[in-house]
Structures are given as C-alpha cells and as structure tokens.
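Colleague: The numbering used here applies: residue 707 is where the sequence shown begins, and numbers increase by one. Before I ask anything, here is the structure I am working with.
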Amino acid sequence: MKKNALFRLRLYRDDVIAIGPGKVQLLEAIQKHKSISAAARSLGSRIGEPGIWSTR
Numbered sequence: 707m708k709k710n711a712l713f714r715l716r717l718y719r720d721d722v723i724a725i726g727p728g729k730v731q732l733l734e735a736i737q738k739h740k741s742i743s744a745a746a747r748s749l750g751s752r753i754g755e756p757g758i759w760s761t762r
C-alpha cells in the first residue's frame, strides 16, 4: 500500500492569505522561466502581472 503525506503552508496577514501554495508555485516558475508572464503562462494563468500578486 502506497502512503502519501501532503503538507501545505499558508501564511496569513489579517484574514488574507499572504503566501500559499499557489504563490510559491508561481515564484518557482518565475525562477525557472526568468519572466513573470512566461511563468504565469506555464501555469495556465490568464491573469495579468498585477493580478498575480493580488491578495483578493
């Protein structure tokens, strides 16, 4: 039997997630692609650069 463990860390500022798995994934993609736009595209995001960092 295969066992898996999953850990997700979210840091909150007030009631808003300041950083979570999605933003970490985006930061890793930016490091790989050296471009915010290319990173967003690689993750299938249609969000513009300002919207990527939105905490809504």
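A virtual CB, placed ideally from N, CA and C, is assigned to each residue, including glycine.
Whole angstroms is fine: what's the gap from L712's alpha carbon to K729's?
Modeller: Computed Cα separation, rounded: 17 Å.
Colleague: Quick check: the Cα distance between A745 and R714, rounded to an integer number of angstroms?
Modeller: Roughly 21 Å separates the two Cα atoms.
Colleague: For L733, does the count of other Cβ atoms within 10 angstroms reach 16, so buried, or fall short, so exposed?
Modeller: Classification for L733: exposed.
Colleague: Since I723 sits in a beta bridge, which residues does DSSP pair it with?
Modeller: In DSSP, I723 forms a bridge with Y718.
Colleague: Under a Cβ-count criterion, where at least 16 other Cβ atoms within 10 Å of its own Cβ denotes burial, should R762 be classed as buried or exposed?
Modeller: Any reading at R762 must be qualified, since the residue scores a pLDDT of 48, below 50, and its modelled position is unreliable; the value itself is stated next. By the neighbour-count rule (16 or more Cβ atoms within 10 Å), R762 is not buried but exposed.
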